[in-house]
Amino acid sequence: MRDRNLKTAIIGGGAAGFFLAINLKELCPEMEITIFEKSRKVLAKVEVSGGGRCNCTNSFASVRDLSQVYPRGHRLMKRLFKRFDYRDAYAWFERHGVRLVTQEDECVFPASQDSHTIINLFLFEARRLGIEIRTEHKIESLEELSDYDFIAITTGGMSISNSSLFTLHSSLIPPVPSLFTFSIEDEGLHALMGTVIEDASVSIPGTKFRSNGPLLITHWGMSGPSILKLSSYAARELHEHQYQMPLAVNWISGKISGNQEAAKEEIIKLQAQSPMFKVSKVRPFDLPSRLWGYLLEKSLGERAQNRWQNLNKKEVNRLVNILCNDTYQIAGRAAFKDEFVTCGGVSLSAVDPNTLESKDIPHLYFAGEVLDIDGITGGFNFQAAWTTAYTVAQAINSVILPKDDTFM
Ligand SMILES: Cc1cc2nc3c(=O)[nH]c(=O)nc-3n(C[C@H](O)[C@H](O)[C@H](O)COP(=O)(O)OP(=O)(O)OC[C@H]3O[C@@H](n4cnc5c(N)ncnc54)[C@H](O)[C@@H]3O)c2cc1C
Numbered sequence: 000m001r002d003r004n005l006k007t008a009i010i011g012g013g014a015a016g017f018f019l020a021i022n023l024k025e026l027c028p029e030m031e032i033t034i035f036e037k038s039r040k041v042l043a044k045v046e047v048s049g050g051g052r053c054n055c056t057n058s059f060a061s062v063r064d065l066s067q068v069y070p071r072g073h074r075l076m077k078r079l080f081k082r083f084d085y086r087d088a089y090a091w092f093e094r095h096g097v098r099l100v101t102q103e104d105e106c107v108f109p110a111s112q113d114s115h116t117i118i119n120l121f122l123f124e125a126r127r128l129g130i131e132i133r134t135e136h137k138i139e140s141l142e143e144l145s146d147y148d149f150i151a152i153t154t155g156g157m158s159i160s161n162s163s164l165f166t167l168h169s170s171l172i173p174p175v176p177s178l179f180t181f182s183i184e185d186e187g188l189h190a191l192m193g194t195v196i197e198d199a200s201v202s203i204p205g206t207k208f209r210s211n212g213p214l215l216i217t218h219w220g221m222s223g224p225s226i227l228k229l230s231s232y233a234a235r236e237l238h239e240h241q242y243q244m245p246l247a248v249n250w251i252s253g254k255i256s257g258n259q260e261a262a263k264e265e266i267i268k269l270q271a272q273s274p275m276f277k278v279s280k281v282r283p284f285d286l287p288s289r290l291w292g293y294l295l296e297k298s299l300g301e302r303a304q305n306r307w308q309n310l311n312k313k314e315v316n317r318l319v320n321i322l323c324n325d326t327y328q329i330a331g332r333a334a335f336k337d338e339f340v341t342c343g344g345v346s347l348s349a350v351d352p353n354t355l356e357s358k359d360i361p362h363l364y365f366a367g368e369v370l371d372i373d374g375i376t377g378g379f380n381f382q383a384a385w386t387t388a389y390t391v392a393q394a395i396n397s398v399i400l401p402k403d404d405t406f407m
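Residue numbers (numbering that gives the first Met the number 0): 0 to 407.
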């Protein structure tokens with residue numbers, strides 16, 4: 000018989016902190032749980048997430064391999080998914096009274112289309128279960144929490160760069176931003192602002208980094224899912240190169256399968272079909288007209304006003320090359336208003352992969368973005384928060400259970 004209840008301190012009142020607190024309290028009603036939050040407001044990121052709608056998970060229906068959606072941490076996520084995955088998260092929210100909807104693009108949102116539905120649920124459950132929330136209480140060092148039996152750090156991504164909390168912890172991967180758009184200095188391109196190409200492929204020449212999907216031309220450069228994915232895949236390398244690297248765009252990858260040869264065949268066919276038409280007047284591959292005009296100008300200059308029959312072989316090659324391998328210079332990183340996460344954090348080699356307990360300090364756990372796990376846009380980052388938080392709740396519970404009831 001213990002002479003007092005066990006106590007858990009959770010540092011950080013974000014998505015991971017609340018999910019952990021609620022699950023732990025459901026498992027161990029006797030546990031005294033306190034969430035320490037440095038700001039006045041808890042769950043601030045949940046509120047602004049998904050444009051205020053909170054893209055809380057994904058159906059994963061179009062995910063063949065977790066490395067596609069978790070550039071860092073996919074192996075650990077695969078392991079932890081055996082215990083708590085997106086189906087479990089979906090069921091958890093519905094069981095707690097939040098109706099969810101899955102969009103055509105597989106992103107999952109509360110049916111209310113309002114992030115406050117998630118926030119209200121967390122606050123309601125925390126109150127109902129008797130979880131203490133201390134706002135405006137920044138934890139500076141673990142010694143402050145010496146009377147707690149368990150500590151979970153859920154302080155989010157960038158926290159490790161400026162917190163003395165981590166001075167004790169050996170393996171930190173320096174945090175750098177992920178999920179951003181590219182600034183490109185090209186006035187001709189900026190003039191195409193608002194143009195969307197439904198399926199382009201983008202890559203960083205000389206590297207393995209490539210992605211595909213919708214591409215949006217903006218007044219500062221390029222954005223859209225294909226660019227955000229590429230920024231995530233190449234987050235560290237782009238940071239190392241001060242966000243100055245080349246970018247190759249295949250504008251027609253969604254229209255034509257195969258290589259440049261297949262594109263060339265199509266162009267030659269078009270040339271034979273419309274010899275008397277001006278090149279600018281007949282658009283191949285349903286390209287938006289402004290984009291076609293810009294690409295023609297870039298590849299053929301004044302010759303863009305010619306008829307198809309007057310294009311020589313070299314010009315056809317230049318045209319094909321610009322359609323399939325148009326190159327730009329990334330000049331910088333621009334903010335993406337909807338989402339931003341951190342690549343880096345507590346190294347996964349520093350935690351037990353079954354429990355997320357620190358290998359250095361017993362009874363110290365990590366969950367959420369503070370870990371070196373991050374995903375692309377689409378609800379994958381919140382899913383990582385739910386999965387890691389649930390894992391820690393189960394792990395703490397298993398420490399206090401009689402030995403034959405442990406969950407491992
Ligand atoms: C604008 C925006 C939109 C997003 N939209 C989506 C989306 O729709 N879907 C999705 O999956 N992901 C989205 N994300 C990413 C997602 O919000 C994060 O991955 C997620 O919030 C991480 O949760 P967390 O609890 O680990 O960290 P956080 O939400 O960052 O919470 C950490 C908390 O810890 C507190 N804290 C830090 N240090 C201390 C300390 N020393 N003491 C006490 N408290 C401390 C912080 O103040 C913060 O409240 C978005 C991110 C942004 C910025």
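C-beta: ideal position from N, C-alpha, C; glycine also.
- At the C-beta level, Gly223 and Leu215 come within 7 Å of one another.
- For Ile216, DSSP records a beta bridge to Met221.
- For Pro176, the secondary structure class from DSSP, reduced to helix, strand or coil, is strand.
- For the pair Asn211 and Ser252, the CB atoms are nearer than the 7 Å cut-off.
- The shortest C-alpha to C-alpha distance from Arg3 to any of Ala384, Asp146 and Leu122 is the one to Asp146.
- The beta carbons of Val391 and Leu355 sit closer together than 7 Å.
- Assignment of Cys342 by DSSP, reduced to helix, strand and coil, places it in the strand class.
- Residue burial annotation: Leu400 is exposed, with fewer than 16 other C-beta atoms found within 10 angstroms of its C-beta.
- Between Thr206 and Ala15, the beta carbon gap of about 31 Å keeps them out of contact (Cβ cut-off 8 Å).
- Relative to ligand 1, Ala15 has its C-beta within less than 6 Å of a heavy atom.
- Collapsing the DSSP output to three states places Gln328 in a strand.
- Look at the region 266 to 312 and you find these whole runs of alpha helix (DSSP H), each 4 residues long or longer: 288 to 299.
- For the alpha helix (DSSP H) assignment, the uninterrupted runs of no fewer than 4 residues enclosed by the region 45 to 133 are, from N- to C-terminal side, 65 to 68, 73 to 80, 85 to 94 and 115 to 128.
- DSSP, read as helix, strand or coil, puts Leu363 in strand.
- Annotation: the continuous beta strand (DSSP E) that includes Lys6 extends over Lys6 to Ile10.
- With respect to Ala88, Trp385 sits close: the two C-beta atoms are nearer than 7 Å.
- The residue among Ala233, Trp219 and Glu186 with its C-alpha nearest the C-alpha of Pro204 is Ala233.
- Rounded to whole angstroms, the separation of the alpha carbons of Asp359 and Ile159 is 17 Å.
- In this structure, the alpha-carbon of Ala388 lies about 48 Å from that of Arg289.
- If you draw a straight line from the Cα of Asn353 to the Cα of Leu322, it is about 48 Å long.
- According to DSSP, Ala333 shares a beta bridge with Thr180.
- Short note on Phe381: C-beta closer than 6 Å to some heavy atom of ligand 1.
- Exclusion of the five residues before and after Gly96 leaves Leu120 as the residues of its chain whose Cβ lies within less than 8 Å of its Cβ.
- The Cβ atoms of Ile34 and Gly12 lie closer than 7 Å to each other.
- Burial of Pro174 is indicated by the presence of at least 16 other C-beta atoms within 10 angstroms of its C-beta.
- Sequence-distant Cβ neighbours of Thr326 in its own chain, meaning closer than 8 Å and more than five residues away, are Pro204, Pro245, Leu246, Ala247 and Val248.
- Between Gly378 and Thr56, the CB-CB gap stays under 7 Å.
- Distance check between Cys342 and each of Ile372, Leu188 and Lys263 places Ile372 closest, using alpha-carbon atoms only.
- Each residue's CA atom was taken as its position, placing Ala330 and Glu184 some 7 Å apart.
- Remark: C-beta atoms of Phe284 and Lys254 approach each other more closely than 7 Å.
- The alpha-carbon separation between Arg39 and Ala261 amounts to approximately 59 Å.
- With distances taken between CA atoms, Ser346 lies nearest to Ser357 out of Cys106, Ser357 and Pro274.
- For Arg133, the CB contacts under 8 Å within the same chain, skipping 5 residues up- and downstream, are Thr33, Ile34, Phe35 and Glu36 in chain order.
- With contacts defined as CB atoms closer than 7 Å, Pro109 and Thr116 qualify as a contacting pair.
- According to the DSSP assignment, Leu246 belongs to the beta strand (DSSP E) that extends over Pro245 to Asn249.
- Following the DSSP letters along the chain, one finds Val398 inside the alpha helix (DSSP H) bounded by residues Phe379 to Ile399.
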